[in-house]
Each structure stands twice: as structure tokens, then as C-alpha cells.
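For reference, the structure discussed in these notes is given below.
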Amino acid sequence: MNTPKKQTPTAVSLERIRKISRTLKLLLGFFFIAPMLMVGLAFCQAKAWPQGCTISGVHYATFSEVPAALRVMLALGLVWYVWTLVTCWQLLNLYGRGEIFSRANVRLYQRLGHLIFAGGLLQMVAQAAATGQFRLWPDTGSGSWIIGGLFVVMIAAIMEEGCKLREEQELTV
Amino acid sequence: MPIIVNLDVVLAQRKLRLNDLAAAVDITPQNLSILKTGKARAIRFSTLEAICETLQCQPGDILEYRP
Numbered sequence: 001m002n003t004p005k006k007q008t009p010t011a012v013s014l015e016r017i018r019k020i021s022r023t024l025k026l027l028l029g030f031f032f033i034a035p036m037l038m039v040g041l042a043f044c045q046a047k048a049w050p051q052g053c054t055i056s057g058v059h060y061a062t063f064s065e066v067p068a069a070l071r072v073m074l075a076l077g078l079v080w081y082v083w084t085l086v087t088c089w090q091l092l093n094l095y096g097r098g099e100i101f102s103r104a105n106v107r108l109y110q111r112l113g114h115l116i117f118a119g120g121l122l123q124m125v126a127q128a129a130a131t132g133q134f135r136l137w138p139d140t141g142s143g144s145w146i147i148g149g150l151f152v153v154m155i156a157a158i159m160e161e162g163c164k165l166r167e168e169q170e171l172t173v
Numbered sequence: 174m175p176i177i178v179n180l181d182v183v184l185a186q187r188k189l190r191l192n193d194l195a196a197a198v199d200i201t202p203q204n205l206s207i208l209k210t211g212k213a214r215a216i217r218f219s220t221l222e223a224i225c226e227t228l229q230c231q232p233g234d235i236l237e238y239r240p
């Protein structure tokens with residue numbers, strides 16, 4: 001009778017990481033990708049503005065009322081949104097393959113940190129474009145994005161050191 | 174790298190294959206190959222001891238410093 005192979009603690013942890021990354025991919029798709037596709041579809045069918053829209057606290061009845069500067073910000077925001085989603089998806093793909101400490105992970109974390117930081121700056125500028133007033137001190141919304149982005153960049157730097165340690169360990173006989 | 178690994182020389186002298194040595198010292202042939210080809214960054218004393226015991230040699234027979 002064959003006895004079941006006992007999994008090492010590392011294999012158990014990796015399997016847990018794989019499961020969490022699969023769940024996160026589902027949640028990402030459900031909460032971020034699907035709504036974006038629906039909004040895009042509605043916008044293309046010109047049904048997105050029946051009662052107007054509020055952007056950064058200012059109400060607009062139609063899209064033509066939105067200032068040009070704010071439209072540029074919206075376009076940048078869309079690019080930022082898609083780029084961040086793609087980065088998160090790539091990161092989760094790596095985790096799904098069991099790659100938790102690699103150069104690719106470090107690059108993606110650096111990119112994610114810069115994107116989160118840029119998101120905070122974008123919010124500040126969008127607020128200024130919408131209200132016509134520039135606030136030097138960010139509000140709690142954009143402020144937390146800026147600080148959060150810096151934290152992620154720091155974590156990426158720490159992970160880079162972790163990669164070096166891992167490579168050192170792998171090449172130790 | 175200034176540290177040269179002469180494992181292949183000692184293996185040839187003892188007429189032993191890499192896979193046999195790997196089995197004897199209980200490390201994978203891949204790891205032993207990393208050591209043999211000079212790609213290793215470090216070697217544990219336990220591994221060095223096991224290799225020397227199997228090959229009946231001194232660490233200096235396997236490792237050489239060439240600046």
C-alpha cells in the first residue's frame with residue numbers, strides 16, 4: 001500500500017500562495033475588469049450620461065461640459081487604471097506559478113509602487129483640474145495613495161535584497 | 174573567481190563519476206555540477222567533509238586559491 005507523500009512546509013506555503021493568487025485573480029476580474037468593460041461598453045453606446053456624472057465633486061450634465069484638461073486627466077486615469085490592472089494580473093500569474101522571489105517579481109512590484117504613487121498625484125491634479133483650485137497638501141484619499149506607493153517601492157527594494165539572498169542560497173552547495 | 178575547484182581532477186584520479194559521488198555525499202548531481210563548474214558561491218563544511226571523506230582527500234586537493 002503506497003503511503004501518501006508528505007508535503008514539505010515550503011510546498012504547503014507555495015500551494016497556499018497559489019490558491020490565494022487564483023482567488024485574487026477572480027476578484028480582480030469581478031470587481032475591476034468587468035465593471036471597466038461595462039462602463040466602456042455603455043460609454044461607446046452613449047448611454048453613460050442620462051443624468052450626468054460627477055467627477056471629483058463637480059457635476060456635469062453631458063460629456064461636452066467636461067473641461068479639456070479634465071478629459072485629458074480622465075484619459076490618463078484610464079491608462080493608469082489599465083496599466084495597474086495588467087501589473088497586478090502579471091504579479092498574480094507569477095505567484096500562481098510559484099515564483100515568489102524573482103527578478104520579475106521585483107520589477108513588477110517597483111512598477112506597481114510607482115503606479116500607486118502616480119495614482120495619488122493624478123488624483124491631486126484631477127481634483128485641481130475639476131475644481132480649478134490646487135491644494136498643495138493632498139487630502140486623505142490621494143495622500144494615502146502617495147504614501148502607499150512609496151511603501152510598495154520600499155518593499156520592492158527589500159525584495160530585491162531577498163532575491164540576492166535566495167540566489168546566494170541556491171548557489172550554496 | 175580566485176577559488177578554483179579541482180573536483181573533476183580528483184574524481185578522475187579516484188576513477189569515480191559525478192553521479193556516484195553525489196549519491197555518496199547525499200546531494201543532487203545538479204548541485205555537485207554547480208560546484209564542479211565553479212558556479213558555486215559557497216560550500217558548507219558538512220558538504221566539504223562528506224566529499225573529502227568519500228574521496229579520501231584533503232580540502233586543499235579540491236580547492237585551490239589562484240589570485
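Chain order of the listed sequences is Y and V.
When you line the first sequence up against this note's numbering, it's residues 1 to 173, in that order.
When you line the second sequence up against this note's numbering, it's residues 174 to 240, in that order.
Think of the CB as a built atom: it goes at the ideal place given N, C-alpha and C, for glycine as much as any other residue.
Residue-level contact check: residue 188 of chain V does not touch chain Y, since none of the beta carbons of chain Y fall below 8 Å from its beta carbon. Spanning the alpha carbons of residue 10 of chain Y and residue 142 of chain Y requires a straight line of approximately 38 Å. Proximity of residue 171 of chain Y to chain V, defined by a Cβ-Cβ separation below 8 Å, is satisfied. Listed as beta-bridge partners of residue 172 of chain Y by DSSP are V:215. Between the C-alpha atoms of residue 188 of chain V and residue 221 of chain V there is a straight-line separation of about 19 Å.
The DSSP-derived three-state label of residue 200 of chain V is coil. When the Cα atoms are used, residue 152 of chain Y and residue 164 of chain Y turn out to be separated by approximately 19 Å. With its beta carbon less than 8 Å from one in chain V, residue 168 of chain Y belongs to the interface.
In this structure residue 180 of chain V is buried. Its beta-carbon is surrounded by 16 or more other beta-carbon atoms within 10 angstroms. Between residue 177 of chain V and residue 233 of chain V the beta-carbon gap is near 11 Å, outside 8 Å, which marks them as no contact. In this structure, residue 118 of chain Y lies near residue 80 of chain Y, with their beta-carbon atoms less than 8 Å apart. Ranked by Cα distance from residue 58 of chain Y, the first of Y:148, Y:150, Y:146 and Y:127 is Y:127.
Here the segment 95-108 of chain Y does not lie against the segment 69-83 of chain Y, with fewer than 3 beta-carbon pairs under 8 Å apart. Membership of residue 20 of chain Y in the alpha helix (DSSP H) is indicated by the continuous run 9-28. Residue 194 of chain V is not a Cβ neighbour of residue 208 of chain V, given a cutoff of 8 Å. Interface criterion not met: the Cβ of residue 235 of chain V is under 8 Å from no Cβ in chain Y. The Cβ of residue 204 of chain V sits closer than 8 Å to at least one Cβ of chain Y.
Between residue 109 of chain Y and residue 155 of chain Y the beta-carbon gap is near 6 Å, inside 8 Å, which marks them as a contact.
Under the three-state reduction of DSSP output, residue 236 of chain V falls in the strand class.
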